[in-house]
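Numbering (the numbering used here), first residue to last: 9 to 282. Every residue gets a Cβ at the ideal spot worked out from N, C-alpha and C, and that includes glycine.
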Amino acid sequence: AEPFPVPPRTRVFTVANQKGGVGKTTTAVNLAAALAQAGARVLVIDLDPQGNASTALGVEHRSETPSVYDVIINDVPMAEVVQASPDFETLDCIPATIHLAGAEIELVSMVAREQRLRSALEAYIEQAGERAPHYVFIDCPPSLGLLTINAFVAAREVLIPIQCEYYALEGLSQLLNNIKLIERHLNPELAVSTILLTMYDSRTNLAHQVVHEVREHFPDEVLDTVIPRSVRISEAPSYGQSVISYDLNSPGSLSYREAAAEIARRGARKQEDN
Ligand code: ADP
Ligand code: MG
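Shown next, in the form of structure tokens:
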């Protein structure tokens, strides 16, 4: 396969949607794996106490495991908690453990509570120098609390997965308003760069309608590639794998690889524009 263009500086994505079960984790993990498979250096930061991204990437996240909690709450450098994902040489993960569930409360009284992840990530990228990741994906919990705010402050790009279901656009204006508030007050560089339609079932009219409606609202942000509903995608995490390593040429894997290629190309195009 044609190698993807590599960005000149680290692109940091927050994968967000305050709804649960819309494909945030699946998208973060599989785009990361697809980019790593194409040769990019990729870091996934698991910011959901459930630790689903850590599970899907096959990295340890028992409660004693050093994790993103220690980074955010105890100032432990990311380099001390990062783990290699076993399936791709250039794919790393900052795991989440159950301790992260308490961080939302602990953060409230901390100094610069919205900037903790950003500071840690900037230090990590700077220290890595030439070896810095090309892409970082932050997998958010299904809420708009301080953990998600930390992710928005640490990133420049927001990637919103939208499930091709009846209530797809419900709650989206609230999410976009929150992103605007963050942009105004905490992170002027933040923008929704990418929307990915997921769990598409081509047999239903409803799915067609949702795709049409979302494209109409967000003509520039929605990727051409749509992720189909696929059993291979949903069973890969139980083997501690992305669908890219689990079944490289399955339709689900091919769609995430194509979406990753689009993201890489779009980024490159934007660079040329500037
Ligand atoms: P979120 O992180 O937004 O809560 P997940 O990525 O965990 O959502 O996805 C919710 C559920 O849907 C999981 O069981 C996941 O395996 C499944 N899933 C996600 N994307 C697909 C897909 N394209 N096809 C089939 N199942 C999917
Ligand atoms: Mg999730």
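- Relative to the non-hydrogen atoms of the ligand MG, the Cβ of Q217 never comes closer than 7 Å to any of them.
- DSSP places E224 within a helical segment (H, G or I) once states are collapsed to three.
- In this structure, D83 has its CB at a distance of at least 7 Å from all heavy atoms of the ligand MG.
- For L108, same chain residues with a beta-carbon under 6 Å away, outside a window of 5 residues either side, are P57, Y77 in chain order.
- If you ignore the 5 residues before and after I81, its C-beta comes within less than 7 Å of the C-beta of A111, E114, all in its own chain and listed in chain order.
- For the 8 Å CB-CB criterion, G66 and P94 form a contact.
- Relative to the ligand ADP, S238 has its C-beta within less than 7 Å of a heavy atom.
- The beta carbons of L194 and E122 sit closer together than 8 Å.
- Relative to the ligand ADP, K32 has its C-beta within less than 7 Å of a heavy atom.
- A residue is called buried when at least 16 other Cβ atoms come within 10 angstroms of its Cβ; R277 does not meet this threshold and is exposed.
- Q58 has its Cβ nearer than 7 Å to a heavy atom of the ligand MG.
- Distance from the Cα of Q171 is smallest, within the candidate group S261, A46, Q45, A215, for A215.
- Across the set A64, A267, V166, D83, the C-alpha of D83 shows the shortest separation from the C-alpha of A120.
- Within the segment 134-167, the runs of alpha helix (DSSP H) that reach at least 4 residues and sit entirely inside it are, in chain order, 154-162.
- Between the beta-carbon of V166 and that of L198 there is about 7 Å, and that keeps the pair under the 8 Å contact cut.
- For I53, DSSP records a beta bridge to I102, I146.
- Nearest to Y247 by C-alpha distance, out of N213, M207, A64, V234, is A64.
- Taking the Cα positions, A267 is about 16 Å away from V144.
- Here the distance from the Cβ of G28 to the nearest heavy atom of the ligand ADP is below 7 Å.
- A distance of 8 Å or more separates the beta carbons of Q135 and A176.
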